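To start, the structure itself, in structure tokens.
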Amino acid sequence: MPAPKPISKEMCLAAMDKTKSTKAAARYLGCSYQHLRKYMAMYKDEKTGKTLLELQNNQAGKGIPKHLSGKSKIFKMEDLLNGTLDPSSFSQEKIKYKLISEGYIEEECCSCGFNERRVVDYKVPLILHFKDKNKKNYQLDNILLYCYNCYFLYVGEVFSKKELKHIEDHTILTETTPSKSEMELDPYHLKRLKELGLDDNIKDDNDPYTLVSYK
Ligand SMILES: [Zn+2]
58 MPAPKPISKE MCLAAMDKTK STKAAARYLG CSYQHLRKYM AMYKDEKTGK
108 TLLELQNNQA GKGIPKHLSG KSKIFKMEDL LNGTLDPSSF SQEKIKYKLI
158 SEGYIEEECC SCGFNERRVV DYKVPLILHF KDKNKKNYQL DNILLYCYNC
208 YFLYVGEVFS KKELKHIEDH TILTETTPSK SEMELDPYHL KRLKELGLDD
258 NIKDDNDPYT LVSYK
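Just so we're aligned, residue 58 is where the sequence shown starts under our numbering, counting upward by one.
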């Protein structure tokens, strides 16, 4: 039997972030509970000095707010879904993340089922689409997640002409990997990593899952 794959700290955090228990996190990563537990006991949260396993157990046991939520504004998803809360004061990235992590929508393309994760930061390329074109209407029958391809086919342009021109221009790139700007985390993801003191870790060359150079 092949040895199980090592789990990076980022992968642990991503899985913890999306699930409510270590067991669910293991399912999420497609590894065994024991295997994940070992790594979660090994990695420490810089801010509190506790291991990720201790943090997870605290969350599960006492129902205290998730350590990743930090000082950011708290809102109830139900208020947003039934239209009693104006979404304008929250980042759409955070709302999308909450919709997925709290199980309101599946993290996959509603049309083709695409749900592949980018290895470098574990993100799935999905775009939230509002059927009635009102981007404040988060009622569940109004929102859909599309992959980039299906969004292009059924909804509209994914990139503006300017962005596409920039991607396809005649510049000769010296690196074979995507440019730093293409791999940069969005402000919301970056903020969450910073809260945990992990913003340097995402550039860790020792991480076997960091296949992309950040130089
Ligand atoms: Zn699709």
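Cβ atoms here follow ideal geometry from the backbone N, Cα and C, with glycine treated the same way. Predicted model, so just to flag it, every value in this text is computed and none were measured.
How about M97: is its C-beta nearer than 8 Å to some C-beta of chain C? The structure shown contains no chain C; it is built from a single protein chain.
From what residue to what residue does the beta strand (DSSP E) around L185 run? Secondary structure note for L185: its beta strand (DSSP E) is the uninterrupted segment 183 to 187.
Who does K101 pair with in a DSSP beta bridge? T108, per the DSSP bridge assignment.
Straight-line CA distance for K180 to M68? C-alpha separation (whole angstroms): 11 Å.
If I'm right that F187 touches N199 with Cβ under 8 Å, what's the distance once you round it to whole angstroms? The Cβ separation is near 6 Å, so the contact holds.
In terms of alpha-carbon separation, which member of F216, Y161, Y203 lies closest to T76? Of the residues F216, Y161, Y203, the one whose Cα lies closest to the Cα of T76 is Y161.
What did DSSP end up calling L156 once you bin it into helix, strand or coil? Three-state result, L156: helix.
Classification of P63 by the beta-carbon crowding that lies within 10 angstroms, buried from 16 upward: Burial call: exposed.
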